[in-house]
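Here the structure is laid out as structure tokens; the discussion comes afterwards.
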Amino acid sequence: MAKLHYVSVMSLDGYIGDGHYNWSLPAEGSTAFITRIMRPIGIYLYGRKNFETMSFWESPDLGEMGEEHREFTSVWQSAEKVVYSKTLKSATTRKTRLERDYDAQKIREMKAGSAKDLCIGGPTLAAQAIRDHLVDEIHLFMVPTTIGNGIPVIPVLPKDAVLRLELLEECRFSEGWVYLRYRVQT
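Going by my numbering, the sequence shown wraps up at 501, each residue one higher than the last.
What follows is the structure, encoded as structure tokens:
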């Protein structure tokens, strides 16, 4: 069965966004690392906002980018995308379909039927999948800055929820970024 990965950049105080993302631009050398993580992904599951951010990779200006970014672009474009949104009228990228409602059973079926892993993006969508015991691994890129508010990296778990994680991998990058990969324990 394929695994479902939640991958996110987060501030030191646990937020993924405050409306401005200049604090979370990738650390030097991290793009090749991120591409390595994303290469096994065959299906991306996105909330609307995360999809709108990531859809940049559908047709970036590659003339301004280095080989690391070109490789990431190729990996991202080759995967299927499922966007969960009640407001988007149509998909704006290739290999993309819209789903109006989150359905845990459909995600279970995708995991069971996929030869490649899945990646979920967007904290609210990821929290639903975590709550439904669908997420197998959590990958966090921690940026050494605080932003004071925004969207928590895992925003809507029940107050009494305990999420037990096993550290599988860690890596340091320039500018103090830290990558942490966890297995979700059942």
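Every residue gets a Cβ at the ideal spot worked out from N, C-alpha and C, and that includes glycine.
Count the other CB atoms within 10 Å of the CB of Val397; is the residue buried (16 or more) or exposed (fewer)? That one is buried.
Using only alpha-carbon positions, find the residue among Val458, Ala441 and Met369 that is nearest to Val499. Ala441
According to DSSP, Tyr359 sits in a beta bridge with which residue or residues? Lys396 and Cys434
Can you determine whether any heavy atom of the ligand NAD sits closer than 7 angstroms to the C-beta of Phe371, and answer yes or no? Of the ligands one can find in the structure shown there are none, so the ligand NAD has no counterpart to examine.
Classification of Met316 by the beta-carbon crowding that lies within 10 angstroms, buried from 16 upward: exposed
I'd like the list of long-range same chain contacts for Ile370, defined as Cβ closer than 7 angstroms, with 5 residues on each side in sequence excluded. It is Ser, not Ile, that sits at residue 370 in the sequence shown. Within the same chain, Ser370 has close Cβ partners Thr407 and Thr408.
Extent of the continuous alpha helix (DSSP H) run through Arg496: That residue, Arg496, is in no alpha helix (DSSP H); its beta strand (DSSP E) goes Val493 to Val499.
Contact defined as beta carbons within less than 8 angstroms: I believe Lys426 pairs with Leu360. What is the distance between those atoms, to the nearest angstrom? Not quite, the Cβ-Cβ distance comes to about 10 angstroms (not below 8 angstroms), so this is no contact.
So what does DSSP say about Leu319, is it helix, strand or coil? strand
Can you tell me whether Leu340 is buried or exposed, with buried defined as 16 or more other CB within 10 angstroms of its CB? exposed
Backbone secondary structure at Arg412 - three-state DSSP: strand
When Ala476, Leu413, Gly491 and Glu383 are compared against Met457, the one with the closest alpha-carbon: Gly491
Proximity of Ile293 and Tyr330 at Cβ, strictly below 8 angstroms: Residue 293 lies beyond the range of the chain shown here (316 to 501); nothing can be said about it.
Where does Gly332 fall in DSSP's three states? strand
Rounded straight-line distance, which links the Cα of Leu495 to that of Cys486: 7 angstroms
Tell me whether Ser370 sits in a helix, a strand or coil according to DSSP, three-state version. Helix, per DSSP.
Measuring straight from C-alpha to C-alpha, what distance separates His454 and Ser326? 14 angstroms
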